[in-house]
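So the sequence shown is numbered by the numbering used here: it starts at 63 and just counts up by one.
Where is the CB? At the ideal position from N, CA and C, for every residue including glycine.
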Amino acid sequence: MATEQVVFLILAGGILLSALMVVSVRNIVHAALFLALCFAGVAGIYVLLRAEFLAVAQVLIYIGAITVLFLFGIMLTRHITGQNIPQLVAHWKWALAGACAFFFLLLHLILRSEWRVVEEVPRDSTTALGLALVERYVLPFELASVILLAAVVGAVVLAKQEGR
């Protein structure tokens, strides 16, 4: 077994374990930290795929921004980590059946699909992506940043009003 395969299996196992911990731990802060660990594993898989730009974007956006935003939201919201919150919902059997059905559907698709292997990865994809963002998709890119800014300002305003 090649070194890349061993590293992939370790990262995939870590991602699955941390994702399982996200949905099973009682403390919501610990769940957010396990989510950050899951995002870090995905960034590691991007490095294995030689997609360094996506790996850095994963770290900066998901670990550095989204996880911190989750943690701020958790810290600003009161009474969310009470002891009387049930661990499992009432319909966990239906959720487990749906998850198993989805797993077997994915397994069927994985085993039946034809997987083509590319010998060489294009090396200049980051430049093409950067040019597309500042030339072709500049309006949607800027619109998304304005919407995110408005959401953060709205969350701060709502949090300040709850404190009064």
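**Message:** Using CA atoms only, rank isn't needed, just tell me which of I172, L95, V87, L110 is closest to L73.
**Reply:** L110
Exercise. Can you tell me where the alpha helix (DSSP H) with I77 in it begins and where it stops?
Worked result: 65-86
*Identify the continuous alpha helix (DSSP H) that holds A102 and give its terminal residues.*
90-110
Cutoff 6 Å; reference L99; Cβ partners in own chain excluding five residues on either side:
S80
Query raised in the report: Between which two residues does the alpha helix (DSSP H) containing H170 stretch?
Result: 154-174
Discussion item. Spatial neighbours of L138 within its chain, please: C-beta separation below 7 Å, excluding the five flanking residues on both sides.
Written reply: A221
Notebook entry, point to check: Since F101 and T129 are thought to touch, with beta carbons under 8 Å apart, how far apart are those beta carbons, to the nearest angstrom?
Noted result: 7 Å
Taking the straight line between their C-alpha atoms, what separation do you get for Q223 and G216?
11 Å
Taking the Cβ atom as the reference point for each residue, do T188 and F115 lie within a distance shorter than 9 Å? yes
- Taking 9 Å as the cut-off, decide whether the C-beta atoms of I125 and V91 are in contact. no
Do I77 and G103 count as a contact pair if the criterion is CB distance below 9 Å?
yes
* Asked: Would you call the CB atoms of A94 and V85 closer than 9 Å?
  -> no
Tell me the rounded alpha-carbon separation between V208 and L195. 15 Å
request  = Just tell me which of R178, L168, I107, A163 has its CA closest to the CA of G75.
outcome  = I107
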